[in-house]
Amino acid sequence: MKSIWTVAKKELLDLFRDRKTVALGLLVGPIVMPALILGIGMLAEKKMRTQLESTLELPVVGAEHAPNLVAFLKGRNIEAKDPPPDPDQAVRDQDHEVVLKIDPEYGEQWRASRAARVELIYDSSRQDSQVPVNRLRGVLLEYSRTVGVLRGINRGVSPEAGFAVQIGQRDVATPEARRGMLLAFLPYLLILFSFLGGAALVIDVTAGERERQSLEPLLATPAARSAIMSGKILAATLFGMLSLLLIVVAFKLAFQLAPGPLQLVDVSLPVMAKLLLVLLPMVLIGTTLLTFIAASVKSVKEAQSYMSVLMFLPLVPTIMLMVNPVKDELWQFAVPFLAQNQMILKLIRSEAISPQEWGVYLAAGFGLGLVLWLLAARLYHQEKLAISA
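Number 86 in the UniProt record's numbering belongs to position 86 of the sequence shown; there are no gaps in the numbering.
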(Lines of atoms letter the chains of each structure in order from A and count residues from 1; the text may use other names and numbers.)
(Lines give C-alpha, C1' and ligand atoms only; values in the text may rest on other atoms or scores of the structure.)
Protein backbone atom coordinates (compact mmCIF):
# COMPACT_ATOMS: atom_id res chain seq x y z
CA MET A 1 0.00 0.00 0.00
CA LYS A 2 2.92 2.32 0.77
CA SER A 3 4.29 1.80 -2.74
CA ILE A 4 0.93 2.70 -4.26
CA TRP A 5 0.75 5.99 -2.36
CA THR A 6 4.38 6.78 -3.17
CA VAL A 7 3.80 6.32 -6.91
CA ALA A 8 0.54 8.27 -6.75
CA LYS A 9 2.19 11.22 -4.99
CA LYS A 10 5.06 11.16 -7.47
CA GLU A 11 2.68 11.27 -10.46
CA LEU A 12 0.55 14.04 -8.93
CA LEU A 13 3.64 16.14 -8.13
CA ASP A 14 4.88 15.74 -11.70
CA LEU A 15 1.44 16.66 -13.01
CA PHE A 16 1.03 19.80 -10.91
CA ARG A 17 4.39 21.07 -12.09
CA ASP A 18 2.80 21.43 -15.52
CA ARG A 19 0.49 24.34 -14.74
CA LYS A 20 -1.07 24.54 -18.20
CA THR A 21 -2.13 20.89 -18.14
CA VAL A 22 -3.55 21.25 -14.64
CA ALA A 23 -5.41 24.43 -15.58
CA LEU A 24 -6.95 22.78 -18.64
CA GLY A 25 -7.81 19.60 -16.76
CA LEU A 26 -9.38 21.31 -13.75
CA LEU A 27 -10.89 24.52 -15.12
CA VAL A 28 -12.27 23.67 -18.57
CA GLY A 29 -15.06 21.48 -17.19
CA PRO A 30 -16.22 23.85 -14.39
CA ILE A 31 -16.31 26.76 -16.85
CA VAL A 32 -17.57 25.17 -20.05
CA MET A 33 -20.22 22.77 -18.70
CA PRO A 34 -22.26 25.25 -16.59
CA ALA A 35 -21.92 27.87 -19.32
CA LEU A 36 -23.15 25.38 -21.93
CA ILE A 37 -26.09 24.04 -19.92
CA LEU A 38 -27.21 27.40 -18.56
CA GLY A 39 -26.63 29.18 -21.86
CA ILE A 40 -28.77 26.72 -23.80
CA GLY A 41 -31.46 26.73 -21.11
CA MET A 42 -31.62 30.51 -20.91
CA LEU A 43 -31.70 30.92 -24.69
CA ALA A 44 -34.48 28.34 -25.05
CA GLU A 45 -36.53 29.93 -22.25
CA LYS A 46 -36.04 33.45 -23.62
CA LYS A 47 -36.97 32.39 -27.14
CA MET A 48 -40.09 30.53 -26.02
CA ARG A 49 -41.19 33.41 -23.79
CA THR A 50 -40.67 35.86 -26.65
CA GLN A 51 -42.64 33.73 -29.10
CA LEU A 52 -45.51 33.23 -26.65
CA GLU A 53 -45.78 36.80 -25.36
CA SER A 54 -44.89 38.93 -28.37
CA THR A 55 -47.23 39.80 -31.21
CA LEU A 56 -47.29 37.02 -33.80
CA GLU A 57 -47.27 38.46 -37.31
CA LEU A 58 -49.27 35.96 -39.34
CA PRO A 59 -49.56 36.04 -43.13
CA VAL A 60 -53.20 35.21 -43.95
CA VAL A 61 -54.36 34.10 -47.39
CA GLY A 62 -58.02 35.02 -47.93
CA ALA A 63 -58.40 37.21 -44.83
CA GLU A 64 -61.35 38.96 -46.50
CA HIS A 65 -63.37 35.73 -46.31
CA ALA A 66 -63.31 35.56 -42.49
CA PRO A 67 -63.26 39.03 -40.88
CA ASN A 68 -64.62 37.69 -37.58
CA LEU A 69 -61.84 35.11 -37.35
CA VAL A 70 -59.20 37.73 -38.16
CA ALA A 71 -60.61 39.99 -35.43
CA PHE A 72 -60.56 37.07 -32.96
CA LEU A 73 -56.90 36.39 -33.80
CA LYS A 74 -56.07 40.06 -33.24
CA GLY A 75 -57.66 39.84 -29.80
CA ARG A 76 -55.21 37.01 -29.03
CA ASN A 77 -52.18 39.11 -30.04
CA ILE A 78 -51.94 37.58 -33.52
CA GLU A 79 -51.75 40.27 -36.20
CA ALA A 80 -52.82 39.37 -39.75
CA LYS A 81 -50.63 40.63 -42.56
CA ASP A 82 -50.55 40.35 -46.34
CA PRO A 83 -49.54 36.89 -47.59
CA PRO A 84 -46.56 36.17 -49.86
CA PRO A 85 -47.21 35.27 -53.53
CA ASP A 86 -46.20 31.65 -52.93
CA PRO A 87 -46.95 30.65 -49.29
CA ASP A 88 -45.45 27.16 -49.61
CA GLN A 89 -42.15 28.43 -50.96
CA ALA A 90 -42.04 31.27 -48.43
CA VAL A 91 -42.28 28.74 -45.58
CA ARG A 92 -39.63 26.51 -47.16
CA ASP A 93 -37.33 29.52 -47.54
CA GLN A 94 -37.92 30.35 -43.84
CA ASP A 95 -39.36 33.76 -44.67
CA HIS A 96 -42.34 32.87 -42.49
CA GLU A 97 -42.77 30.23 -39.80
CA VAL A 98 -46.47 29.62 -40.51
CA VAL A 99 -49.08 30.89 -42.97
CA LEU A 100 -52.86 30.68 -42.49
CA LYS A 101 -54.92 29.96 -45.61
CA ILE A 102 -58.69 30.57 -45.45
CA ASP A 103 -60.81 28.67 -47.95
CA PRO A 104 -62.63 30.89 -50.51
CA GLU A 105 -65.88 29.10 -49.58
CA TYR A 106 -65.39 29.93 -45.90
CA GLY A 107 -68.25 32.44 -45.84
CA GLU A 108 -70.70 30.07 -47.50
CA GLN A 109 -69.75 27.24 -45.16
CA TRP A 110 -70.07 29.57 -42.18
CA ARG A 111 -73.56 30.77 -43.14
CA ALA A 112 -74.67 27.16 -43.63
CA SER A 113 -73.41 26.32 -40.09
CA ARG A 114 -70.96 23.84 -41.55
CA ALA A 115 -67.32 23.42 -40.55
CA ALA A 116 -65.50 26.22 -42.34
CA ARG A 117 -62.12 25.14 -43.67
CA VAL A 118 -58.82 26.81 -42.87
CA GLU A 119 -55.35 25.47 -43.52
CA LEU A 120 -52.04 25.90 -41.68
CA ILE A 121 -48.96 25.94 -43.90
CA TYR A 122 -45.74 25.20 -42.00
CA ASP A 123 -42.56 23.12 -42.08
CA SER A 124 -42.61 20.43 -39.36
CA SER A 125 -38.88 19.77 -39.79
CA ARG A 126 -38.08 23.23 -38.43
CA GLN A 127 -38.00 23.37 -34.66
CA ASP A 128 -38.47 27.15 -34.66
CA SER A 129 -41.97 26.75 -36.11
CA GLN A 130 -43.32 24.53 -33.32
CA VAL A 131 -44.16 27.29 -30.84
CA PRO A 132 -45.96 29.67 -33.28
CA VAL A 133 -47.78 26.75 -34.96
CA ASN A 134 -49.00 25.38 -31.62
CA ARG A 135 -49.93 28.88 -30.52
CA LEU A 136 -51.99 29.48 -33.67
CA ARG A 137 -53.57 26.02 -33.53
CA GLY A 138 -54.64 26.60 -29.92
CA VAL A 139 -56.29 29.94 -30.78
CA LEU A 140 -58.14 28.40 -33.73
CA LEU A 141 -59.43 25.55 -31.56
CA GLU A 142 -60.57 28.07 -28.97
CA TYR A 143 -62.42 30.03 -31.68
CA SER A 144 -64.00 26.84 -33.03
CA ARG A 145 -65.27 25.78 -29.59
CA THR A 146 -66.57 29.24 -28.81
CA VAL A 147 -68.52 29.51 -32.07
CA GLY A 148 -69.83 25.96 -31.68
CA VAL A 149 -71.18 26.70 -28.22
CA LEU A 150 -72.87 29.93 -29.41
CA ARG A 151 -74.51 28.08 -32.31
CA GLY A 152 -75.89 25.51 -29.93
CA ILE A 153 -77.26 28.13 -27.55
CA ASN A 154 -78.89 29.94 -30.47
CA ARG A 155 -80.76 26.72 -31.32
CA GLY A 156 -81.76 26.03 -27.73
CA VAL A 157 -79.22 23.25 -27.29
CA SER A 158 -77.21 22.99 -24.10
CA PRO A 159 -73.50 23.66 -24.63
CA GLU A 160 -72.75 20.37 -22.88
CA ALA A 161 -74.57 18.44 -25.62
CA GLY A 162 -71.66 18.97 -27.94
CA PHE A 163 -69.22 17.28 -25.55
CA ALA A 164 -69.93 13.58 -25.10
CA VAL A 165 -66.94 13.15 -22.80
CA GLN A 166 -65.50 15.66 -20.38
CA ILE A 167 -61.76 15.14 -20.12
CA GLY A 168 -59.93 16.00 -16.94
CA GLN A 169 -56.15 16.01 -16.68
CA ARG A 170 -53.93 15.44 -13.67
CA ASP A 171 -50.20 15.71 -14.19
CA VAL A 172 -48.38 13.70 -11.54
CA ALA A 173 -44.95 14.92 -12.62
CA THR A 174 -43.16 16.67 -9.80
CA PRO A 175 -41.70 20.14 -10.31
CA GLU A 176 -38.26 18.57 -9.95
CA ALA A 177 -39.00 16.09 -12.75
CA ARG A 178 -40.22 18.85 -15.07
CA ARG A 179 -37.09 20.87 -14.34
CA GLY A 180 -35.05 17.74 -15.04
CA MET A 181 -36.35 17.74 -18.61
CA LEU A 182 -34.33 20.93 -19.20
CA LEU A 183 -31.17 19.05 -18.20
CA ALA A 184 -31.64 15.92 -20.33
CA PHE A 185 -28.18 16.28 -21.85
CA LEU A 186 -26.39 16.87 -18.54
CA PRO A 187 -25.76 13.13 -17.84
CA TYR A 188 -23.77 12.76 -21.07
CA LEU A 189 -21.47 15.65 -20.20
CA LEU A 190 -20.88 14.42 -16.66
CA ILE A 191 -20.26 10.85 -17.81
CA LEU A 192 -17.89 12.04 -20.55
CA PHE A 193 -15.82 14.15 -18.15
CA SER A 194 -15.70 11.38 -15.54
CA PHE A 195 -14.84 8.73 -18.15
CA LEU A 196 -12.10 10.70 -19.92
CA GLY A 197 -11.29 13.39 -17.35
CA GLY A 198 -7.96 11.80 -16.43
CA ALA A 199 -7.06 10.72 -19.97
CA ALA A 200 -4.10 13.09 -20.35
CA LEU A 201 -2.53 11.91 -17.11
CA VAL A 202 -3.22 8.21 -17.68
CA ILE A 203 -1.76 8.20 -21.19
CA ASP A 204 1.25 10.27 -20.14
CA VAL A 205 2.22 8.10 -17.13
CA THR A 206 2.29 4.91 -19.20
CA ALA A 207 2.65 5.49 -22.94
CA GLY A 208 4.36 8.87 -22.40
CA GLU A 209 6.91 7.53 -19.93
CA ARG A 210 7.52 4.60 -22.22
CA GLU A 211 8.36 6.98 -25.08
CA ARG A 212 10.61 9.08 -22.80
CA GLN A 213 12.28 5.84 -21.59
CA SER A 214 11.53 6.76 -17.97
CA LEU A 215 9.19 3.83 -17.36
CA GLU A 216 11.91 1.16 -17.45
CA PRO A 217 13.85 2.53 -14.40
CA LEU A 218 10.58 2.73 -12.46
CA LEU A 219 9.69 -0.87 -13.27
CA ALA A 220 13.19 -1.94 -12.23
CA THR A 221 12.60 -0.81 -8.64
CA PRO A 222 11.77 -3.39 -5.93
CA ALA A 223 8.13 -2.24 -5.94
CA ALA A 224 5.67 -4.68 -7.50
CA ARG A 225 4.54 -3.75 -10.99
CA SER A 226 0.90 -4.02 -9.97
CA ALA A 227 1.57 -1.53 -7.17
CA ILE A 228 3.25 0.88 -9.61
CA MET A 229 0.31 0.60 -11.98
CA SER A 230 -2.19 1.00 -9.10
CA GLY A 231 -0.39 4.15 -7.96
CA LYS A 232 -0.70 5.65 -11.42
CA ILE A 233 -4.39 4.72 -11.57
CA LEU A 234 -4.94 6.18 -8.08
CA ALA A 235 -3.30 9.46 -9.11
CA ALA A 236 -5.48 9.71 -12.21
CA THR A 237 -8.61 8.82 -10.22
CA LEU A 238 -7.89 11.48 -7.58
CA PHE A 239 -7.26 14.06 -10.29
CA GLY A 240 -10.48 13.09 -12.09
CA MET A 241 -12.53 13.29 -8.88
CA LEU A 242 -11.04 16.70 -8.08
CA SER A 243 -12.09 17.91 -11.52
CA LEU A 244 -15.60 16.54 -11.01
CA LEU A 245 -15.83 18.16 -7.57
CA LEU A 246 -15.04 21.53 -9.12
CA ILE A 247 -17.63 20.90 -11.85
CA VAL A 248 -20.34 20.04 -9.30
CA VAL A 249 -19.49 23.12 -7.21
CA ALA A 250 -19.61 25.25 -10.37
CA PHE A 251 -23.07 23.87 -11.15
CA LYS A 252 -24.23 24.67 -7.63
CA LEU A 253 -23.15 28.30 -7.98
CA ALA A 254 -24.47 28.56 -11.54
CA PHE A 255 -27.93 27.20 -10.70
CA GLN A 256 -28.21 29.60 -7.76
CA LEU A 257 -27.57 32.51 -10.11
CA ALA A 258 -29.66 31.18 -13.01
CA PRO A 259 -33.06 32.74 -13.76
CA GLY A 260 -36.31 30.79 -14.14
CA PRO A 261 -36.82 27.12 -13.29
CA LEU A 262 -33.11 26.26 -13.38
CA GLN A 263 -32.71 28.21 -10.15
CA LEU A 264 -34.86 25.59 -8.40
CA VAL A 265 -32.67 22.60 -9.36
CA ASP A 266 -31.64 20.74 -6.21
CA VAL A 267 -27.88 21.14 -5.71
CA SER A 268 -27.76 20.54 -1.97
CA LEU A 269 -24.72 18.96 -0.34
CA PRO A 270 -26.35 15.47 -0.06
CA VAL A 271 -27.20 15.52 -3.77
CA MET A 272 -23.68 16.66 -4.65
CA ALA A 273 -22.21 13.83 -2.54
CA LYS A 274 -24.49 11.26 -4.22
CA LEU A 275 -23.57 12.60 -7.65
CA LEU A 276 -19.85 12.22 -6.92
CA LEU A 277 -20.47 8.68 -5.63
CA VAL A 278 -22.33 7.86 -8.86
CA LEU A 279 -19.45 9.16 -10.98
CA LEU A 280 -16.68 7.47 -8.97
CA PRO A 281 -17.09 4.02 -10.65
CA MET A 282 -17.03 5.68 -14.07
CA VAL A 283 -13.78 7.49 -13.19
CA LEU A 284 -12.29 4.17 -12.14
CA ILE A 285 -13.54 2.43 -15.30
CA GLY A 286 -12.14 5.20 -17.49
CA THR A 287 -8.71 5.28 -15.85
CA THR A 288 -8.28 1.48 -15.84
CA LEU A 289 -9.45 1.18 -19.45
CA LEU A 290 -7.10 3.93 -20.58
CA THR A 291 -4.28 2.34 -18.59
CA PHE A 292 -4.94 -0.93 -20.39
CA ILE A 293 -4.92 0.86 -23.77
CA ALA A 294 -1.81 2.90 -22.95
CA ALA A 295 0.03 -0.27 -21.90
CA SER A 296 -0.90 -2.08 -25.11
CA VAL A 297 0.17 0.59 -27.63
CA LYS A 298 3.61 1.76 -28.68
CA SER A 299 3.23 5.55 -28.57
CA VAL A 300 1.22 8.41 -27.12
CA LYS A 301 -0.14 9.24 -30.57
CA GLU A 302 -1.50 5.72 -30.96
CA ALA A 303 -3.10 5.87 -27.51
CA GLN A 304 -4.72 9.22 -28.30
CA SER A 305 -6.20 7.77 -31.50
CA TYR A 306 -8.53 5.68 -29.35
CA MET A 307 -10.00 8.82 -27.76
CA SER A 308 -12.23 9.59 -30.74
CA VAL A 309 -13.88 6.19 -30.36
CA LEU A 310 -14.15 6.32 -26.57
CA MET A 311 -15.88 9.71 -26.66
CA PHE A 312 -18.88 8.15 -28.42
CA LEU A 313 -19.48 5.47 -25.78
CA PRO A 314 -21.22 7.79 -23.24
CA LEU A 315 -23.33 9.23 -26.07
CA VAL A 316 -25.00 5.90 -26.92
CA PRO A 317 -27.37 5.64 -23.89
CA THR A 318 -28.19 9.35 -24.04
CA ILE A 319 -29.36 9.11 -27.66
CA MET A 320 -31.12 5.80 -27.00
CA LEU A 321 -33.11 7.25 -24.09
CA MET A 322 -33.98 10.40 -26.05
CA VAL A 323 -35.23 8.42 -29.07
CA ASN A 324 -36.72 5.45 -27.21
CA PRO A 325 -37.31 6.11 -23.49
CA VAL A 326 -37.49 2.90 -21.47
CA LYS A 327 -38.95 2.03 -18.10
CA ASP A 328 -36.41 1.71 -15.30
CA GLU A 329 -35.40 -1.91 -14.73
CA LEU A 330 -32.90 -3.26 -12.22
CA TRP A 331 -30.67 -4.75 -14.93
CA GLN A 332 -30.08 -1.29 -16.41
CA PHE A 333 -28.07 -0.33 -13.33
CA ALA A 334 -25.48 -2.98 -14.23
CA VAL A 335 -24.88 -1.71 -17.79
CA PRO A 336 -21.95 0.73 -18.13
CA PHE A 337 -22.89 4.26 -19.26
CA LEU A 338 -26.63 3.40 -19.22
CA ALA A 339 -26.45 2.86 -15.46
CA GLN A 340 -24.73 6.21 -14.88
CA ASN A 341 -27.26 7.92 -17.12
CA GLN A 342 -30.19 6.48 -15.17
CA MET A 343 -28.65 7.28 -11.78
CA ILE A 344 -27.88 10.90 -12.71
CA LEU A 345 -31.39 11.40 -14.14
CA LYS A 346 -32.87 10.10 -10.88
CA LEU A 347 -30.82 12.59 -8.89
CA ILE A 348 -31.75 15.46 -11.21
CA ARG A 349 -35.44 14.54 -10.96
CA SER A 350 -35.17 14.17 -7.15
CA GLU A 351 -36.36 10.56 -7.36
CA ALA A 352 -35.49 8.03 -4.68
CA ILE A 353 -32.80 5.46 -5.46
CA SER A 354 -33.46 2.18 -3.69
CA PRO A 355 -30.70 0.35 -1.75
CA GLN A 356 -31.01 -2.50 -4.24
CA GLU A 357 -30.33 -0.14 -7.16
CA TRP A 358 -27.35 1.33 -5.32
CA GLY A 359 -26.03 -2.16 -4.61
CA VAL A 360 -26.33 -3.36 -8.21
CA TYR A 361 -24.86 -0.15 -9.57
CA LEU A 362 -21.82 -0.02 -7.28
CA ALA A 363 -21.14 -3.76 -7.56
CA ALA A 364 -21.29 -3.69 -11.36
CA GLY A 365 -19.24 -0.48 -11.64
CA PHE A 366 -16.43 -1.46 -9.29
CA GLY A 367 -16.56 -5.03 -10.64
CA LEU A 368 -15.92 -3.83 -14.18
CA GLY A 369 -13.14 -1.58 -12.88
CA LEU A 370 -11.55 -4.60 -11.19
CA VAL A 371 -11.71 -6.65 -14.40
CA LEU A 372 -10.04 -3.84 -16.35
CA TRP A 373 -7.43 -3.49 -13.58
CA LEU A 374 -6.57 -7.20 -13.88
CA LEU A 375 -6.23 -6.92 -17.66
CA ALA A 376 -4.00 -3.86 -17.35
CA ALA A 377 -1.92 -5.53 -14.64
CA ARG A 378 -1.35 -8.49 -16.94
CA LEU A 379 0.12 -6.14 -19.57
CA TYR A 380 2.24 -4.40 -16.94
CA HIS A 381 3.88 -7.73 -16.06
CA GLN A 382 5.01 -8.29 -19.65
CA GLU A 383 8.67 -7.49 -20.28
CA LYS A 384 7.96 -5.76 -23.60
CA LEU A 385 6.27 -2.92 -21.70
CA ALA A 386 9.67 -1.65 -20.55
CA ILE A 387 11.00 -1.59 -24.10
CA SER A 388 10.58 1.81 -25.72
CA ALA A 389 8.95 2.09 -29.13
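Ideal Cβ placement from N, Cα and C applies to all residues, glycine included. Remember, it's a predicted structure, so these values are computed and weren't measured experimentally.
Handout entry: 6 angstroms Cβ shell around residue 29 - same chain, five flanking residues per side excluded
Key = On the sequence shown, position 29 is the one that residue 29 refers to. The answer, listed in chain order, is 193, 243 and 247.
Problem - At least 3 beta-carbon pairs within less than 8 angstroms: the stretch 334-352 vs the stretch 363-378 - result: In this structure the stretch 334-352 touches the stretch 363-378; the number of beta carbon pairs closer than 8 angstroms is three or more.
Problem - Rounded C-alpha distance that separates residue 83 from residue 94 - result: Sequence index remark: in the sequence shown, residue 83 carries index 83 (1-based). Sequence index remark: in the sequence shown, residue 94 carries index 94 (1-based). Using only the alpha carbons, I get a separation of about 14 angstroms.
Practice task
Give the DSSP bridge partners of residue 56, in chain order.
Solution key: Position 56 of the sequence shown, counted from the first residue, corresponds to residue 56. For residue 56, which the question treats as bridged, DSSP gives the partners 78.
Practice task
May I have the straight-line CA-CA distance separating residue 68 from residue 129, to the nearest angstrom?
Solution key: Residue 68 sits at position 68 when you count from the first residue of the sequence shown. Residue 129 sits at position 129 when you count from the first residue of the sequence shown. Rounded to whole angstroms, residue 68 and residue 129 show a C-alpha spacing of 25 angstroms.
Exercise for the section: Would you identify the three-state DSSP class for residue 380, choosing helix, strand or coil? Expected result: Here residue 380 refers to the residue found at position 380 when the sequence shown is read from its first residue. Helix.
Handout entry: Straight-line gap, residue 27 to residue 211 (C-alpha atoms, nearest Å)
Key = One-based indexing of the sequence shown puts residue 27 at position 27. One-based indexing of the sequence shown puts residue 211 at position 211. Between the C-alpha atoms of residue 27 and residue 211 there is a straight-line separation of about 28 angstroms.
Handout entry: Sheet register partners of residue 122 (DSSP bridge)
Key = Start at 1 with the first residue of the sequence shown, and residue 122 comes out as number 122. As computed with DSSP, residue 122 is found in a beta bridge with 98.
Practice task
With residue 93 as the anchor, note down where its alpha helix (DSSP H) starts and where it stops.
Solution key: By one-based count along the sequence shown, residue 93 stands at place 93. According to the DSSP assignment, residue 93 belongs to no alpha helix (DSSP H), since it is labelled neither H nor E.
Handout entry: Between the CA atoms of residue 277 and residue 38 - distance to the nearest angstrom
Key = The residue given as residue 38 occupies position 38 in the sequence shown. The residue given as residue 277 occupies position 277 in the sequence shown. Answer to the nearest angstrom: the Cα atoms are 24 angstroms apart.
Practice task
Report yes or no: do three or more beta-carbon pairs, one from the stretch 295-303 and one from the stretch 312-319, lie closer than 8 angstroms?
Solution key: Proximity of the stretch 295-303 to the stretch 312-319 falls short of the contact definition, fewer than three beta-carbon pairs being nearer than 8 angstroms.
Handout entry: Check whether residue 122 and residue 133 have beta carbons under 7 angstroms apart
Key = Taking the first residue of the sequence shown as position 1, residue 122 is located at position 122. Taking the first residue of the sequence shown as position 1, residue 133 is located at position 133. Yes, they are a contact pair.
Practice task
Look at the Cβ atom of residue 22, then the Cβ atom of residue 76, and state whether they are nearer than 7 angstroms.
Solution key: As a first step, residue 22 is located in the sequence shown; it is residue number 22 there, counting from the start. As a first step, residue 76 is located in the sequence shown; it is residue number 76 there, counting from the start. Cβ atoms of residue 22 and residue 76: not closer than 7 angstroms.
Problem - DSSP bridge partner residues for residue 309 (one or two, in chain order) - result: Against the sequence shown, residue 309 aligns to sequence position 309. The secondary-structure analysis by DSSP pairs residue 309 with nothing; it has no beta-bridge partner.
Practice task
Identify, in the order they occur along the chain, each residue of the same chain with its Cβ nearer than 6 angstroms to the Cβ of residue 106, setting aside the five sequence neighbours on each side.
Solution key: Counted from its first residue, the sequence shown places residue 106 at position 106. Correct list, in chain order: 65, 66 and 116.
Practice task
In the DSSP assignment, find the unbroken alpha helix (DSSP H) run with residue 330 in it and report its ends.
Solution key: Along the sequence shown, read from residue 1 onward, the residue named residue 330 stands at position 330. Boundaries for residue 330: no alpha helix (DSSP H) harbours it, and the DSSP string shows neither H nor E there.
Practice task
Have a look at the DSSP bridge pairing and note the partners of residue 61.
Solution key: As a first step, residue 61 must be located in the sequence shown, where it is residue number 61. Assignment of beta-bridge partners to residue 61 by DSSP yields 101.
Handout entry: Neighbourhood of residue 153 by C-beta, 6 angstroms cutoff - its chain only, sequence neighbours within 5 removed
Key = Here residue 153 refers to the residue found at position 153 of the sequence shown. Once the five neighbours on either side are set aside, residue 153 has no close Cβ partner at all.
Exercise for the section: Could you check which residue in 187, 56 and 158 has the C-alpha nearest to that of residue 317? Expected result: Here residue 317 refers to the residue found at position 317 of the sequence shown. Measuring from the Cα of residue 317, the nearest candidate turns out to be 187.
Problem - Delimiting residues of the alpha helix (DSSP H) encompassing residue 107 - result: For the purposes of this step, residue 107 is taken as the residue at position 107 of the sequence shown. Taken as a continuous stretch (DSSP letters only), the alpha helix (DSSP H) holding residue 107 covers 106-111.
Problem - residue 11 - containing alpha helix (DSSP H), residue span - result: Residue numbering aside, residue 11 sits at position 11 when the sequence shown is read from its first letter. According to the DSSP assignment, residue 11 belongs to the alpha helix (DSSP H) that extends over 2-17.
Practice task
Find out if the Cβ-Cβ distance for the pair residue 376, residue 11 is shorter than 7 angstroms.
Solution key: On the sequence shown, residue 376 is found 376 positions in, with the first residue counted as 1. On the sequence shown, residue 11 is found 11 positions in, with the first residue counted as 1. Going by beta carbons, residue 376 and residue 11 fall outside the 7 angstroms limit.
Practice task
Assuming residue 341 contacts residue 321 (C-beta within less than 8 angstroms), just tell me the rounded distance between them.
Solution key: Start at 1 with the first residue of the sequence shown, and residue 341 comes out as number 341. Start at 1 with the first residue of the sequence shown, and residue 321 comes out as number 321. Indeed they touch by this definition, with Cβ atoms about 6 angstroms apart.
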